[in-house]
Amino acid sequence: MSLKKEADEGITFDTFMEGVWRQNPVFVMVLGMCPTLAVTVSAVNAVSMGVATLFVLVSSCLLVSLIRNLVPKEVRIATYIVIIATFVTLVDYIIQAVSLSLYEALGAFIQLIVVNCIILGRAEAHASKNPPLKAVINAMGMGIGFTIGLLALGATREILGAGKLFGFSLFGEHFQPWVVMVLPPGGFFVLGGWLLLFSHMRSRSEKGAAHE
Amino acid sequence: MSKHRIELRAAPHQHSGHSVPTIMRNVVYSLLPICGFSVWQYGLSALALLLTVTATCLATERLLNRNANTLGDWSAVITGILLGLTLPPAFPLWMAIVAGFVAIAIGKAMFGGLGHNPFNPALVGRAFVQAAFPVAITTWVPAFSANRFSEFVPTTFTAPLMIPPDIVDWVKQQGVDAFTGATPLARWKFENVTASAHDLLTGTVTASAGETSALLILLCGAYLAIRKFMDWRIPVAVLGSAALTAWAFQLYDPTHYPTPLFVLLSGGLMIGAIYMATDMATSPVTPVGVWIYGVIIGVMTVIIRYFGGLTEGVMYAILLGNALTPLIDRYTQPRVYGTGNKEQP
Amino acid sequence: MNESLSQIFIATLLTNNFVLAMFLGLCPFLGVSGRLGTALPMGIATTFVMLVASLCAYGLNLLLSAFHLDFLRLISYIVVIASSVQLVEMVMKKYSPALFRALGIYLPLITTNCAVLGVALFQTARDYDFAQSLTFSLGGGAGFTLALVLMASLRERLQLANVPTLVQGTALSLILAGLLSLTFMGFAGLGGGE
Amino acid sequence: MNEPTPVHTTPSNKIIVTMGLVASICGVLIVAAYESTQDAIANNKRIMVERAVFKVLPGAAKVSEYVATPSGIQALTGNVPDGGVKFYAAYDSAGALKGIAAEAAGKGYADMVRVLYGYDTQCQCIIGIGVVSMRETPGIGDKIITDKEFLKNFDALDVRVNAEMSALMNAVKVVKHGTKQNAWEIDAIAGATVTTKAVGRGINESAQKLLPLLVPHVAELKP
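Protein chains in written order, with the numbering used here: chain A, 1 to 212; chain B, 213 to 557; chain C, 558 to 751; chain D, 752 to 974.
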């Protein structure tokens, strides 16, 4: 069985790095878009959202991996969704306990982590076929990749849209904020811009490889 | 060039008897009187604004098309002039550069250049800066101030990325009576005061550089229509439907809603209907489609002006019309000859 | 708060369009908007599921509030949405096979559409009553469909354009979505009521 | 990956057992999280409310939640009943009533603008507002927080209740910038009329509903 073989493969550095770079959920796979665009108006929001997603991702993958041999195929997806929803509820309460103002800034998008395709995708494609440690490491990579992606977006939008980064003013008080960046169109444009940059870099490196 | 007078509808226009550069060049010519008027009206700042925006558009066009020289088709010049005309005369130049860059880069080059852009590039640039700099884009200066040819408005040379200075005191020194700092549309919306048709026709009102004299724009548009460089149906549909809608509202409540004439002459409706809605790449191809497109723009303009939070709706109405163009084209497409009566799947 | 039904409808359809202003349902928006032929059925199917989900969420919320089980809200919503999608699929298959053939392939996709869960969560957060919830879900679905159809028609047209290879793909869709979103900003304030 | 396996179905009792197991794990986790964060969340909410109320009623030191209904006022426990209006009573450190705070909301440019206003029972006027949430255009709509001239409207905004205790004596009204004449009028911010009107409408709506219910019973408010 191919499942068996895959599970026996060792944990490599790529298990972790896959999500951070090669399969980065934001820039390469363009997954989990709702929170990506909606909450990234500032770097703080972006990182909080990223960490919340990371937590849900890692714990769900751990639990899914632990019970992977118990769950019958028929109810696989339903089980995963219930597990993910559980951890999202957990995160929801934890954020409320930590800071209500952060909770209000992220709004309903914390609960919408449930339908973030990355998490169900990872649970289904990786965690359900791999031992716990490997699943956790891979999920960690994905989560960190997601957080980095959100941070890149959040920082860009905060710098241009408010002249600040993590709340610290960068250009003095006479800076003219580009209001559009914290509005919905700005979200689309900034993500589009980052994707352009990524594909530009990729085509550069491919060309470079071809020349060698 | 052929001497046959073949009706020009919209792209593809290779067989219309006019080449793209010819049409574009004539559009530019017809815009020059409007530019001249706005410079006469607002002085040095308007001149600097128009030149800066046009230069930015040309530079961006050149930069993003390194392999092919696309400057010769004049389209970037039109985008630049139109964009410059829709901005307030005192708009800081660095913001104008942003607008020009966005117009060409995001509005056009991203989609493969002239003819492929789904939205009017000038309006993309304008909508972007409207959303980005909402305060600067609603800061108006009085027309025909005494010193307009000897000094710039202080906001024009705002340092890049910085907030433009407050010009309230500067405006007071200009000695213009009863300057309210609001466009006729804003005054109607928030104070229920309508400007006279005479003022609107001759342009002695506060507004963007190129949307003041409705009469002049109408004349220049007539030139284009007569020379068949422009599809006359679109402005007729836009202006007609806007007037009808306004008339219906006025019948319903004459105390609250202004006259159709005020609606037609105020704001950017005239320049929008004649120069922006008629952009060939972004308007429908079929004759029926053209009428539908124009009516949507006219009606939406009035609805946004009357019920929206913004005072001016022409720009967004045209962008919406652009967005609907592929759909309109699809559902008004004439049946291809020889395909029979059956509906295509 | 006391929003009238027409205000809610206009807001969800235009001013606060689910996709273009609230970023809900972006995955299908970017994924399924390649062809006009599939965009419309997808939109209708999603609207239908939203309506069902909104009804279920309304009832469920009454139940959960009555028993002070607020902490089960999310988990029960998602389970209800997943099962209502299943139910809709089965009912459709039995009573309208033609419709099922047209929409069937999209139904499973809808389970992970955040717009559907979004409807349920937002109507709860805003304390909408029954009629308001229904209007909210209808407007949200209509807004989603509108955005999807507009996007699909634009993308179909751009297939004929010589879009630079660098831009093709998701980046182009995002820029188009940004421009549409910019256009929809013109609706701001509509339905505000003077 | 998905090699065509022969159709084999898991016996339903196994499905039920697994689902039951998963559900109980999840249930335990959720309840544990709920129980352990409950106090912290309640505490956070209290601090947030206090901070907001203290801002609109300077000098206050203690806040309690009340609800006003046609049958009188009582301390709020659980949900707000139908026809009831929630408000906060604020007291100073000596225990004397400092004022009332309540929430108002109006449809603004982009979304609902929600504000909290502070009401002084002595002068029967609104003495301060603070924004709870809004999505208005930065630079224009948010002038309602930053514009000092606008905030002056709420130094003493007249909201006296009429003699029949049925409505306000004069409805709160937003007027054009620079034309404020009466104490119950709000001078609009030039260029941000939509947002200002949203605030005015919201305050009027809320005060019309709350104050006629509240004013006859003000004396009952004790810490």
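In this text, a Cβ means the ideal position worked out from N, Cα and C, and glycines have one as well. All values reported here derive from a predicted model rather than from experimental measurement.
No residue range can be given for Lys440/B, since it is assigned to no alpha helix (DSSP H) and is classified by DSSP as neither H nor E. Among the residues facing chain B, Gly942/D is included, as its CB has a counterpart in that chain under 9 Å away. Taking 9 Å as the cut-off, the beta carbon of Val64/A is found no closer than this to the beta carbon of Ser169/A. Nearest CB-CB separation between Phe628/C and chain D: below the 9 Å threshold. In this structure, the alpha-carbon of Gly50/A lies about 25 Å from that of Gly778/D. In the three-state reduction of the DSSP assignment, Arg911/D falls in the coil class. Take the alpha-carbon of Leu620/C and the one of Asp627/C: they are about 10 Å apart.
Among the bridge pairs identified by DSSP, Lys164/A is matched with Ser169/A. Closest in C-alpha terms to Ala38/A, from the list Val75/A, Leu70/A, Ile119/A and Val190/A, comes Val190/A. Think of a sphere of 8 Å around the beta carbon of Val925/D: no beta carbon from chain C falls inside it, the nearest being about 11 Å out. In the pairwise beta carbon analysis, the region 13-22 of chain A is classified as touching the region 140-151 of chain A: at least three pairs are separated by under 8 Å. The three-state secondary structure of Gln725/C, taken from DSSP, is coil. If the five residues before and after Phe166/A are omitted, its C-beta is found closer than 7 Å to the C-beta atoms of Ala43 and Val44, all from its own chain and listed in chain order. The DSSP-derived three-state label of Thr418/B is coil. At a Cβ-Cβ threshold of 9 Å, Leu674/C and Val115/A count as neighbours. Under DSSP, Lys924/D forms a beta bridge with Glu936/D.
Between Lys894/D and Ala943/D a beta carbon distance of about 5 Å is seen, short of the 8 Å cut, so the two are scored as contacting.
Under the DSSP assignment, Glu900/D falls in the alpha helix (DSSP H) whose first and last residues are Lys899 to Leu902. Closer than 9 Å at the C-beta level to chain C, one finds these residues of the region 74-102 of chain A: Ile77, Ala78, Ile81, Val82, Ile84, Ala85, Thr86, Val88, Thr89, Asp92 and Tyr93. Straight across, the Cα-Cα distance linking Ile246/B with Ile509/B is about 23 Å. By the neighbour-count criterion, in which a residue is buried when 16 or more other Cβ atoms sit within 10 angstroms of its Cβ, Thr930/D is exposed. When only Cα atoms are considered, Gly172/A and Gly771/D end up about 59 Å apart. Judged by pairs of C-beta atoms under 8 Å, the region 237-254 of chain B does not touch the region 272-282 of chain B, as fewer than three such pairs exist. For the 9 Å CB-CB criterion, Ala856/D and Gly850/D do not form a contact.
Here Arg399/B carries a helix assignment [DSSP, helix/strand/coil]. Taking Glu801/D as the centre and dropping the five residues before and after it, the same chain places the C-beta of Val814 closer than 7 Å to its C-beta, in chain order. Bounds of the alpha helix (DSSP H) holding Met799/D are Ser763 to Val807. Using a Cβ distance threshold of 9 Å, Val353/B and Val310/B do not count as a contacting pair.
Two segments are said to touch when three or more pairs of C-beta atoms, one from each, lie closer than 8 Å; by this definition the region 147-163 of chain A does not touch the region 322-341 of chain B. For Thr947/D, the uninterrupted alpha helix (DSSP H) segment begins and ends at Thr944 to Leu965.
Listed as beta-bridge partners of Ala852/D by DSSP are Tyr839/D and Gly869/D. Ile824/D has Ala819/D as its beta-bridge partners, per DSSP. DSSP places Gly879/D in the uninterrupted beta strand (DSSP E) bounded by Cys876 to Ser884. DSSP places Val56/A within a helical segment (H, G or I) once states are collapsed to three. DSSP places Met599/C in the helix class (H, G or I) of the three-state scheme.
Around Leu539/B, the same chain offers no residue with a beta carbon nearer than 8 Å, after the five sequence neighbours per side are excluded.
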